[in-house]
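Once you know that position 343 of the sequence shown is 343 in full-length UniProt numbering, the rest is easy, because the numbers rise by one and skip nothing. Following: one structure in structure tokens, then a few remarks.
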Amino acid sequence: MFLYPMLNRALRLMDGDIITRMGFFISDLHRQIENLHQEQYASTTAADTFTVYRGQGLSTEDFEKLSKTKGGLVSFNNFLSTSTVRKVSLGFAQDATINQDQIGVLFIMEVNPTQPATSFASIAGISEFQKEEEVLFSMHSVFRVQDIKQMGGNNRLYEVNMVLTADNDPELSRLTDYIRQESYPDEEGWYRFGLVLIQMGQFDKAEDIYQVLLDQTKDDKDKANIYFHYGLIKSNQGKYEKALKFYEKSLATYKKTLPSNHPSLASSYGNIGDVHRNMGNYPKALSYYEKDLEITQQSLPPNHPNLAISYNSIGLAHDRMGNHPEALSYYEKALEIQQQSLPYNHPNLAKSYICIGIVHNKMDNYPKALSYYEKANEIQQQSLPSNHPDLALPYNNIGEVYRNMGNHPKALSSLAKALEIQKHSLPTNHPDLAMSYNNIGLVHGSMSNYSEALSSYEKALEIQQQSLSPNHPDLALSYNNIGNVHSKMGNYPKALSSHEKALEIQQQSLSPNHPSLAASYNNTGLVYENMHNYSEARTFYEHAIQILQQSLPFNHPHHEGFRNNLKRVKNK
Numbered sequence: 001m002f003l004y005p006m007l008n009r010a011l012r013l014m015d016g017d018i019i020t021r022m023g024f025f026i027s028d029l030h031r032q033i034e035n036l037h038q039e040q041y042a043s044t045t046a047a048d049t050f051t052v053y054r055g056q057g058l059s060t061e062d063f064e065k066l067s068k069t070k071g072g073l074v075s076f077n078n079f080l081s082t083s084t085v086r087k088v089s090l091g092f093a094q095d096a097t098i099n100q101d102q103i104g105v106l107f108i109m110e111v112n113p114t115q116p117a118t119s120f121a122s123i124a125g126i127s128e129f130q131k132e133e134e135v136l137f138s139m140h141s142v143f144r145v146q147d148i149k150q151m152g153g154n155n156r157l158y159e160v161n162m163v164l165t166a167d168n169d170p171e172l173s174r175l176t177d178y179i180r181q182e183s184y185p186d187e188e189g190w191y192r193f194g195l196v197l198i199q200m201g202q203f204d205k206a207e208d209i210y211q212v213l214l215d216q217t218k219d220d221k222d223k224a225n226i227y228f229h230y231g232l233i234k235s236n237q238g239k240y241e242k243a244l245k246f247y248e249k250s251l252a253t254y255k256k257t258l259p260s261n262h263p264s265l266a267s268s269y270g271n272i273g274d275v276h277r278n279m280g281n282y283p284k285a286l287s288y289y290e291k292d293l294e295i296t297q298q299s300l301p302p303n304h305p306n307l308a309i310s311y312n313s314i315g316l317a318h319d320r321m322g323n324h325p326e327a328l329s330y331y332e333k334a335l336e337i338q339q340q341s342l343p344y345n346h347p348n349l350a351k352s353y354i355c356i357g358i359v360h361n362k363m364d365n366y367p368k369a370l371s372y373y374e375k376a377n378e379i380q381q382q383s384l385p386s387n388h389p390d391l392a393l394p395y396n397n398i399g400e401v402y403r404n405m406g407n408h409p410k411a412l413s414s415l416a417k418a419l420e421i422q423k424h425s426l427p428t429n430h431p432d433l434a435m436s437y438n439n440i441g442l443v444h445g446s447m448s449n450y451s452e453a454l455s456s457y458e459k460a461l462e463i464q465q466q467s468l469s470p471n472h473p474d475l476a477l478s479y480n481n482i483g484n485v486h487s488k489m490g491n492y493p494k495a496l497s498s499h500e501k502a503l504e505i506q507q508q509s510l511s512p513n514h515p516s517l518a519a520s521y522n523n524t525g526l527v528y529e530n531m532h533n534y535s536e537a538r539t540f541y542e543h544a545i546q547i548l549q550q551s552l553p554f555n556h557p558h559h560e561g562f563r564n565n566l567k568r569v570k571n572k
């Protein structure tokens, strides 16, 4: 009796530690449900459709999310206990209303035993509470919500009518295909679970799993794979120096144990390139991406989707260096391969359209940028589940284009859509929410709504402080935005404090010639100039220009702006 609530809580909260310890129990319970299902429902027909009930409490926030899924799909990521006795389940729902923070919900679930997408079985004969006539569903049962209505005039008690989905449900098929693509089909077992935890941002739990795997293996190839995953964890945490050490350790082992054109070598070069790109070492990043591309071209067919990833990476490096025509060329090569090798509505096509749109936005080709973002949005609407966080990406980018065009109402409208999607699909402290708040703040800043801008930036910073390491570069972005607003409002000491915090973070986490460092030195110089401290302003402007000369092409627009700032203070 103790195991069941503990296990379901672990599955609901994705508690990696408990799930890891109970892995064999989870697997065994799933197999037992499958075996019982085959015994009990082998000869049933559609006429044997039956109804089960489940009563429970939901937080107000979770109930609001459920209310918005009417007509859509709901998945239970735990082992789902239900009863064929309505009165029993209604009692649980009514008991939940005693807690003022909860809404009581009676789920009424119609089940056609001939076409389930999930195994279930009656356990009335073996349950401790036989009068409850319990039917137990295995993990990840998916239901379509048909109706939600209040019960007996009680605004804290509701019934929710649902139907168990079938294997041939088109929306479920689309969702399942996407989950298969996104849940690392080439990995197995605990390696795969670790990657899922990384994707969820549970880096410490993922690290615990890989440490156990490392302690248990003596195989060099396995060790290289584990070091690779350690690198992925550190990179996601913004600990780039540590990420490099693990990736390089992995690469050194792969070189000893694998052929020179093995795809794992290409992945290692690509990920090392990603770290150098994040640190602002763009020429180094480009060098590693080119090694990745060379191996990928040797080991895979010319239209393989992994080639598109390599081209996209090279495009990213050129984009960061301000080489926009070159970036566009590589993004278009990637898109061409994807159009040949992927379904027309594959999410990776949308990502390529977004990359191309970003370059056009930077080149001031705003109509073209909007066109590509809208293509991306169309694909994602077709291919992603309705609550997927990636649906927010095009709206965020469209908002940025409208801001650049000076169309602030449209910008805010688009960014509000992005934020709404993220609030419904991500944890409240997810870094992507911070990105949206920062973008909204930028629009308010452009409109001279400085108090609104400051509020948005502070929300972004609060989220980042909860979810990112203290020296993650994204925190510096928020500190810089806050500093810029304080500067516009004439709060120069506060502005200076924020820019100094940004600089301190960037000096710890970025390479010495990263363009973002140049921007921070320039921002700090502007504050000193506004405070009439021209000698300090000059020092910071000179630092900014020196970094730009090392990191960006001479024709990059930042050069002219920074040089004009220096020229201005020299004349004062």
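Glycine included, every Cβ here is placed at the ideal spot set by N, Cα and C. These numbers were taken from a predicted model, which means no experiment stands behind them.
Item, Value
"Count the other CB atoms, across all protein chains shown, that sit within 10 Å of the CB of residue 288; report buried if there are 16 or more and exposed otherwise.", "buried"
"Assign residue 150 to one of three DSSP states: helix, strand, or coil.", "strand"
"Would you mind stating whether residue 83 and residue 134 have Cβ atoms separated by less than 8 angstroms?", "yes"
"Anyone know if the C-beta pair for residue 142 and residue 165 falls short of 8 angstroms?", "yes"
"Is it right to say residue 67 is buried, meaning 16 or more other beta carbons lie within 10 angstroms of its own, or is it exposed?", "exposed"
"Do you know how far the Cα of residue 242 is from the Cα of residue 46?", "58 angstroms"
"Below 8 angstroms, how does it come out for the segment 471 to 479 and the segment 230 to 247: are there three or more Cβ pairs, yes or no?", "yes"
"Taking its Cβ as the centre, do 16 or more other Cβ atoms sit within 10 Å of residue 280, making it buried, or is it exposed?", "buried"
"If you drop the 5 nearest sequence neighbours on each side, which residues of the same chain put their C-beta closer than 7 angstroms to that of residue 528?", "536, 537 and 540"
"Using alpha carbons as the reference points, say which of 504, 268, 94 and 435 lies closest to residue 285.", "268"
"Could you check what DSSP says for residue 554 in three-state terms: helix, strand or coil?", "coil"
"Do the segment 387 to 405 and the segment 419 to 428 meet, that is, are 3 or more Cβ pairs less than 8 angstroms apart?", "yes"
"Does DSSP put residue 79 in a helix, in a strand, or in coil?", "coil"
"What did DSSP end up calling residue 72 once you bin it into helix, strand or coil?", "coil"
"If the criterion is Cβ atoms closer than 8 angstroms, does the pair residue 145 and residue 72 meet it?", "yes"
"Provide the residue span of the alpha helix (DSSP H) that contains residue 462, from first to last.", "450 to 467"
"Any contact of the segment 290 to 305 with the segment 245 to 258, i.e. 3+ C-beta pairs under 8 angstroms?", "no"
"Give the straight-line distance between the Cα atoms of residue 501 and residue 204, rounded to the nearest whole angstrom.", "26 angstroms"
"Could you name the residues that DSSP lists as bridge partners for residue 144?", "73 and 163"
"Alpha helix (DSSP H) containing residue 123: first to last residue?", "Premise fails: residue 123 is in no alpha helix (DSSP H) and is neither H nor E."
"Taking residue 335 as the reference, give the member of 326, 352, 344 and 345 with the closest Cα.", "352"
"Starting from residue 104, trace the beta strand (DSSP E) both ways and give me its first and last residue.", "102 to 111"
"Would you report the Cα separation of residue 298 and residue 531, rounded to the nearest angstrom?", "59 angstroms"
"Considering Cα atoms alone, identify which of 375, 79, 206 and 59 is closest to residue 99.", "59"
"Comparing C-alpha positions only, which one of 215, 40, 227 and 56 sits nearest to residue 114?", "40"
"So what's residue 134 in DSSP terms, helix, strand or just coil?", "strand"
"Do residue 389 and residue 348 have their C-beta atoms closer together than 8 angstroms?", "no"
"Mind listing, in chain order, the continuous alpha helix (DSSP H) runs of no fewer than 4 residues lying wholly within the segment 309 to 391?", "324 to 341, 347 to 362 and 366 to 383"
"Just list the residues that DSSP pairs residue 50 with in beta bridges.", "111"
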